[in-house]
Amino acid sequence: MVEGFSQFIYPFNDNFNRFYVFDEGVFEQLEFQLVDEYFVGNAYVAYFDPRGRFQLYFGGEKHELSLNRPKVYSTDHFLAYQFGSQIFLLEENKLHQIESWALQEDLWVSDSIVAYNDVYNRFNVYRADSSQTLESWNIRAASISNNSLAYLDVNKQLKLFSRGQQHIVWPTQPKAFTAGQNLVAFQTGIGDLQVWYENELYTLTYNTNGGFDVSDDLVTFYDDLGGFNVFYQGETYSLLPYRPLSSELKENQLVWSDRNGFFFTFYKGEIVRLESYTPDKVIIDNDLLVYQDVNGRLKGFSQGEKYSISSRIATDFDQINQAVLYRENRFRWHINIQGEDYTFE
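Per my numbering, residue 10 is the first one in the sequence shown, and the count goes up by one each step.
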């Protein structure tokens with residue numbers, strides 16, 4: 010058992026290539042040399058130190074997990090890593106082994122599910138502190154979201170595992186499919202775009218050629234006339250009658266620009282115009298949208314509200330979860346968390 014409480018954590022290398030972590034308002038140096046590969050969740054940082062050892066920073070303390078490099082899978086709430094056939098998982102405050110006989114191939118890992126094939130040709134999922142077998146044969150095609158897993162079984166049927174239940178979604182092999190939160194969007198063999206959501210099947214468009222994107226509750230797509238649309242909680246919303254100049258979809262945040270360069274977002278069924286121009290740089294993570302305005306200052310949009318992140322001009326910025334790092338100049342850096350600003354010099 011390891012203790013951890015932070016939800017706003019940010020690792021970085023400083024100008025002298027020393028490795029720091031910002032945690033609960035404090036900048037703590039973890040290494041004296043550059044760390045070039047690290048993994049970040051809401052409450053942890055895992056990384057390979059300069060000697061190649063696998064380290065975990067969690068609950069204000071550093072833990073050495075291994076002398077060797079495992080294969081690592083990182084999400085906001087899960088840290089999974091694999092040595093050969095063994096799978097280990099950090100969930101909440103518990104670090105434990107969840108499988109001893111997994112195949113040595115890619116896992117599917119999200120915030121609440123770990124899916125894998127084992128050496129006995131079974132397809133398994135770990136969820137809610139227990140494992141179960143979904144299929145008695147290995148699976149090769151799957152897509153995972155925060156709380157759902159879509160896959161093709163041995164008969165090429167499309168299935169969805171969500172909230173602990175297994176559903177047969179479509180009886181024949183789709184051209185493409187992507188899991189969302191309690192949903193799966195897929196293109197049928199004849200090109201129709203369908204969404205299975207809350208035990209109902211929705212046809213979004215016929216003969217789609219524009220593709221589709223899925224993130225959490227949102228499915229974006231182009232209709233037969235080229236219009237830009239989003240499916241959200243059982244309803245379809247028309248956003249533009251044409252393709253946007255640019256768009257980005259991540260973690261339930263959708264932004265786009267129209268032909269006038271106006272910058273929009275979609276929030277809980279409402280279209281919100283954020284600016285009358287298109288920002289040069291936009292970052293989305295953990296339901297927070299961050300961008301730089303025309304004056305060089307940072308703005309944020311979260312929970313339906315737009316607000317200022319920096320009163321100073323930012324020369325550059327980055328974001329991990331809801332922690333925003335921006336540079337005022339080469340030597341003065343700031344981390345902003347929900348309006349609180351912390352300076353690193």
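Idealized CB from N, CA, C, for every residue including glycine.
These numbers come from a predicted model, not from an experiment.
Kindly indicate which three-state DSSP category residue i falls into: helix, strand or coil?
i	result
N126	strand
G220	coil
D296	coil
S121	coil
P183	coil
H176	strand
R136	strand
F315	Note that residue 315 is Lys in the sequence shown, not Phe. Of the three classes helix, strand and coil, the one that applies to K315 here is strand, per DSSP.
H86	coil
Y286	coil
P20	strand
R60	coil
N345	strand
E101	coil
I322	coil
T197	coil
E114	coil
A52	coil
F340	coil
When you measure from the CB of residue i to every non-hydrogen atom of the ligand ATP, does any distance come out below 6 angstroms?
i	result
N102	No copy of the ligand ATP occurs in the structure displayed, which carries no ligand at all.
Using the beta-carbon count (16 or more within 10 Å), is residue i buried or exposed?
i	result
S145	exposed
A159	buried
D180	In the sequence on display, residue 180 carries Pro and not Asp. Exposed is the call here.
I96	buried
T142	exposed
L234	exposed
T324	exposed
F25	exposed
F340	exposed
G189	buried
V193	buried
T84	buried
Y56	buried
D294	buried
P183	buried
Q64	buried
Y231	buried
N191	buried
In the DSSP assignment, find the unbroken beta strand (DSSP E) run with residue i in it and report its ends.
i	result
V204	L202 to Y206
N238	F237 to Y241
Q262	Q262 to S266
N269	First-last for N269: undefined, no H or E at that position.
D32	F28 to D32
L334	A332 to R336
Y211	E209 to T214
V228	L227 to Y231
I329	D325 to I329
A150	Unbroken run through A150: none, as it is neither H nor E.
D190	Reading the sequence as shown, one finds Gln at residue 190 and not Asp. It is not in any beta strand (DSSP E) - Q190 carries neither H nor E in the DSSP assignment.
Y160	S157 to L161
Using a Cβ-Cβ cut-off of 7 angstroms, state whether residue i counts as contacting chain D.
i	result
S255	No chain D appears in this structure, which consists of one protein chain only.
Tell me whether the beta-carbon of residue i lies closer than 7 angstroms to the beta-carbon of residue j.
i	j	result
Y276	P288	no
Y29	F41	no
V128	W117	no
E73	R62	yes
W265	F273	yes
V54	Y66	yes
I292	F31	no
L167	F186	yes
A332	F132	no
V178	W205	yes
L297	Y19	no
N51	N330	yes
Q113	G93	yes
Do three or more CB pairs link the region 252-260 to the region 225-238 at distances below 8 angstroms? yes
Do the region 301-309 and the region 319-336 make contact, defined as three or more Cβ pairs closer than 8 angstroms? Under the three-pair Cβ rule at 8 angstroms, the region 301-309 counts as touching the region 319-336.
Hey, is the region 200-212 in contact with the region 140-157, meaning 3+ C-beta pairs nearer than 8 angstroms? The region 200-212, when compared against the region 140-157, does not touch it at the 8 angstroms Cβ threshold.
I want to know whether the region 84-91 touches the region 114-133 - three or more CB-CB distances under 8 angstroms. yes
At a cut of 8 angstroms, does the region 210-218 reach the region 233-247 through at least three beta carbon pairs? yes
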